[in-house]
Amino acid sequence: MDKIFTTAEMLLEVDRKSIEEAFACKIIDTYGCGDGMGGASQCALSQKYHINTETSIMEVLDKDLKTKTQPGDTGEIVLTSLHDYAMPLIRYAPSDQAIPSAAPCECGIKLPVLDKIVGRVSDVFYLPNGRVLNGLSIPFEGLIDKLSKFQIIHEKPHLIVIKLVVTPSFTAKDEQDIVTLLQHNAGEGIAIEVQIVDDIPLSAAGKHKYVISKVEY
Ligand SMILES: [Zn+2]
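In case it helps, our numbering puts the sequence shown at residues -17 to 199.
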């Protein structure tokens, strides 16, 4: 096998590592939005995503959906389809986030590039202390053998709950490390509560949600 293509859901680093090790080949992650005919594919030479400008115009905009996001900052993906003649979608915002790149890709392909696909807008917590926390940015790589499932919930403005389904090798120190890391990322005035649970039920759509926000922003 030469390469593996992944799409549809966010590829967590922990899953990327596990799949690449299991199949002994590199993953090319892709972003696709069928409604807006938009897409971007990770470069074979770098970690950046080349935008498929042949099928749609992809803009990355600030929260107001008007201002162009600065390279290196996180913004919202907005797509205008170039091939839907019967019902064109113009500046369609599928609630996905990305970081536009400041520099072209080193591979030499001239297509515009994204540094990263960040995830769904709903994966982001806007905390009352002014911090913006992406639930999927928390690195769980070191805990791959100790956790079978996790879910991070913005339960109340000042409270983040993390649910863990743990394996027998999980220790009290691991729990403390997770709290310390989350506390560091969330900042002052945010409480972190860990709940060790037997299972985390799937959503009504049958998906496992890593991140849930119950707070209106
Ligand atoms: Zn490239």
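For every residue, glycine included, the Cβ atom is placed at its ideal position computed from N, Cα and C.
Would you tell me roughly how many angstroms separate the C-alpha atoms of residue i and residue j, rounded to the nearest one?
{"i": "Leu109", "j": "Lys145", "result": "19 Å"}
{"i": "Lys50", "j": "Ala85", "result": "16 Å"}
{"i": "Glu170", "j": "Gln158", "result": "17 Å"}
{"i": "Ala168", "j": "Leu115", "result": "7 Å"}
{"i": "Gly21", "j": "Ala154", "result": "43 Å"}
{"i": "Leu141", "j": "Ser83", "result": "33 Å"}
{"i": "Tyr31", "j": "Met40", "result": "12 Å"}
Taking all protein chains shown into account, decide if residue i is buried (16 or more other Cβ within 10 angstroms of its Cβ) or exposed.
{"i": "Leu200", "result": "The first residue shown for the chain is -17 and the last is 199, placing residue 200 beyond what the model contains."}
{"i": "Tyr13", "result": "buried"}
{"i": "Glu58", "result": "buried"}
{"i": "Cys7", "result": "exposed"}
{"i": "His166", "result": "exposed"}
{"i": "Ile178", "result": "exposed"}
{"i": "Ile126", "result": "exposed"}
Nearest to residue i by CA position, among the options, is which residue?
{"i": "Glu3", "options": "Ile(-14), Lys48 and Met69", "result": "Ile(-14)"}
{"i": "Val147", "options": "Phe132, Lys155, Ala75 and Ile160", "result": "Phe132"}
{"i": "Thr35", "options": "Lys92, Met(-8) and Lys45", "result": "Lys92"}
{"i": "Val100", "options": "Val176, Asp11 and Lys(-1)", "result": "Asp11"}
{"i": "Val60", "options": "Lys45, Asp66, Met69 and Pro53", "result": "Lys45"}
Should residue i be listed as close to ligand 1, given that the test is whether its C-beta is under 8 Å from any heavy atom?
{"i": "Leu96", "result": "no"}
{"i": "Glu88", "result": "yes"}
{"i": "Ile9", "result": "no"}
{"i": "His190", "result": "no"}
{"i": "Ala84", "result": "no"}
{"i": "Ser104", "result": "no"}
{"i": "Ala26", "result": "yes"}
{"i": "Lys(-15)", "result": "no"}
Starting from residue i and walking both ways along the beta strand (DSSP E), at which residues does that stretch end?
{"i": "Asp97", "result": "Val95 to Arg102"}
{"i": "Gly14", "result": "Lys8 to Cys15"}
{"i": "Ser130", "result": "Leu129 to Lys138"}
{"i": "Phe(-13)", "result": "Lys(-15) to Thr(-12)"}
{"i": "Ile91", "result": "Per DSSP, Ile91 belongs to no beta strand (DSSP E) and is neither H nor E."}
Which residues bound the alpha helix (DSSP H) around residue i?
{"i": "His166", "result": "Ala154 to Ala168"}
{"i": "Phe5", "result": "Glu(-5) to Phe5"}
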